[in-house]
Amino acid sequence: MILKTLSNTSWKIALTGILALSLTACGAGGASQPNAKPAASGKTSSYPEKPIVIVAPSGAGGGWDKTARSIAKTLAESKAVGQPITVENKPGGGGAVFMAEYATKDKKDNYKLFVSSPPILINNLKKEGNSPYGHKDTTPLAQLTKDYGALVVSANSKFKDMKSVIEALKADPTKVTVAGGSAPGSMDHLIAVLPAYKSGIDPKKVKYVSYDGGGEAMTSLLGGNADVIATDASSVGEYVKAGKVRVLAVTAPNRLSGELKDVPTLKEQGIDAEFNIWRGIFGPKEMGKDELAFWDAKLKEMSDSEIWKKELQANVWEKDYKNAADFKAFLAQQESQVKDMLTALGMAK
0 MILKTLSNTS WKIALTGILA LSLTACGAGG ASQPNAKPAA SGKTSSYPEK PIVIVAPSGA
60 GGGWDKTARS IAKTLAESKA VGQPITVENK PGGGGAVFMA EYATKDKKDN YKLFVSSPPI
120 LINNLKKEGN SPYGHKDTTP LAQLTKDYGA LVVSANSKFK DMKSVIEALK ADPTKVTVAG
180 GSAPGSMDHL IAVLPAYKSG IDPKKVKYVS YDGGGEAMTS LLGGNADVIA TDASSVGEYV
240 KAGKVRVLAV TAPNRLSGEL KDVPTLKEQG IDAEFNIWRG IFGPKEMGKD ELAFWDAKLK
300 EMSDSEIWKK ELQANVWEKD YKNAADFKAF LAQQESQVKD MLTALGMAK
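Residue numbers (numbering that gives the first Met the number 0): 0 to 348.
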């Protein structure tokens, strides 16, 4: 009887100890972190635990810079991310210089993100001055905005539509000067030759003149030194409103709004072509699953916020959100288009 009583007492003491430890563990784990979330492993992730950097691989004031700063501003004002976010500018080679560093030195840095657009594909695919690194050396996080190419002539131009431009190019491509604000093999060049390429004209025969930026290309057009320029649709509204230019076509699937609402698409004019000038945000190639899940959720939340809508309006951007998986699939599709065009130009590596 004495042994039995001691045995029961011992079990009660042991059980009391176990319950006490369990309650202590629950209390310690129950304190939530501002950014804590269920991790892919089932554990709780506390990412991010330190400040985040968003890189614009360009100088200040350009599209990448504005996009990076708008993202940082929106995330900060909405308090979606409980850590400071700063923007760094790292210009050089249309993003190629930064990519070389990012793909090698920062491939595991979950605290360094960057913004880009079609040049991340073009730089990787073209022969001259190409980058060995491209979107496959990153983790695409989200596409956020879209723009389209515009084929523009001066208000007094003899060209009234794309058909007349194509006819002139077929008759003698050396008689038509097409210009853009970036180097041969760049995005403006591809947009400039796209209608000719899709109309059966050898794009290598199209006379393309490059300028240092869209502003200089526009000056060339207005000064009579170019017949047609290829540029971003979002950048020409003020010139249309002032009556200085006419936009012959946009590379969109449907007509745009605002000042360009009456401009036909290439498809409406019998040219089966589109070109989406997207902007998106990327992370390192070896980004963790938990961190990817975090950004997938936060960037979707950001894209739906009123703060982001105001940023879109202020910068004359069109919203075109794609989550990480859809963005990755889209990049593969546009990569194929870019490769085909660079090959036709004799500029693919």
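C-beta atoms are modelled at their ideal positions from N, C-alpha and C, and glycine is treated no differently.
Per-residue burial, residue i [other beta carbons within 10 Å of its own, 16 or more giving buried]
i      : result
Thr73  : buried
Asn224 : exposed
Ala254 : Looking at the sequence itself, residue 254 is Arg, so the reference to Ala does not match. Arg254 comes out exposed.
Ser256 : exposed
Asn155 : exposed
Glu334 : buried
Pro83  : exposed
Lys321 : buried
Glu310 : buried
Thr85  : exposed
Range of the contiguous beta strand (DSSP E) that encloses residue i
i      : result
Glu258 : First-last for Glu258: undefined, no H or E at that position.
Trp277 : Asn275 to Pro283
Glu317 : Glu317 to Lys321
Lys288 : Element bounds for Lys288: not the beta strand (DSSP E) but the alpha helix (DSSP H), Lys288 to Ser302.
Lys145 : Thr137 to Ser153
Gly112 : It should be pointed out that residue 112 corresponds to Leu in this sequence rather than to Gly. Here the beta strand (DSSP E) through Leu112 covers Lys111 to Ser115.
Gly184 : Note, Gly184: premise wrong, no beta strand (DSSP E); not H, not E.
Ser198 : Careful: Ser198 lies outside any beta strand (DSSP E) and carries neither H nor E.
Tyr238 : No beta strand (DSSP E) contains Tyr238, which is instead part of the alpha helix (DSSP H) from Gly236 to Lys240.
Ala248 : Val244 to Val249
C-alpha gap between residue i and residue j, whole angstroms
i      : j      : result
Gln332 : Asp339 : 11 Å
Ile280 : Lys203 : 33 Å
Glu267 : Lys135 : 34 Å
Ser163 : Ser77  : 50 Å
Gly94  : Asn109 : 20 Å
Ala251 : Leu265 : 8 Å
Pro183 : Ser44  : 46 Å
Tyr238 : Lys104 : 43 Å
Thr137 : Lys157 : 46 Å
Lys125 : Lys89  : 21 Å
Pro131 : Ser185 : 16 Å
Lys145 : Arg278 : 6 Å
Ala71  : Lys308 : 14 Å
Rounded Cβ spacing between residue i and residue j (contact assumed at less than 8 Å)
i      : j      : result
Lys284 : Pro139 : So it is not a contact: roughly 10 Å between Cβ atoms.
Tyr210 : Ala178 : 6 Å
Ala216 : Gly180 : 4 Å
Val80  : Ala149 : Contact flag wrong, Cβ pair sits at about 35 Å.
Ala241 : Val262 : That pair is no contact at about 16 Å.
Val244 : Val152 : 7 Å
Met346 : Glu127 : 7 Å
Pro194 : Ile228 : Not really, about 13 Å apart at Cβ, beyond 8 Å.
Bounding residues of the alpha helix (DSSP H) (the contiguous stretch that carries residue i)
i      : result
Leu311 : Glu305 to Asn314
Thr66  : Gly62 to Glu76
Gly213 : Gly213 to Leu221
Pro118 : Pro118 to Leu124
Lys104 : Ala95 to Lys104
Asp231 : Element bounds for Asp231: not the alpha helix (DSSP H) but the beta strand (DSSP E), Val227 to Asp231.
Glu48  : Segment: none, Glu48 is in no alpha helix (DSSP H) and carries neither H nor E.
Lys157 : Taken as a continuous stretch (DSSP letters only), Lys157 belongs to no alpha helix (DSSP H), as it is neither H nor E.
Inset, instruction - Evaluate the contact criterion for the region 107-117 versus the region 46-59: three or more CB pairs, one atom per stretch, below 8 Å. - result: yes
Legend entry - Any 3 or more C-beta pairs closer than 8 Å across the region 287-297 and the region 90-101: no
Legend entry - Stretch pair the region 268-275 + the region 183-199: three plus CB contacts closer than 8 Å: yes
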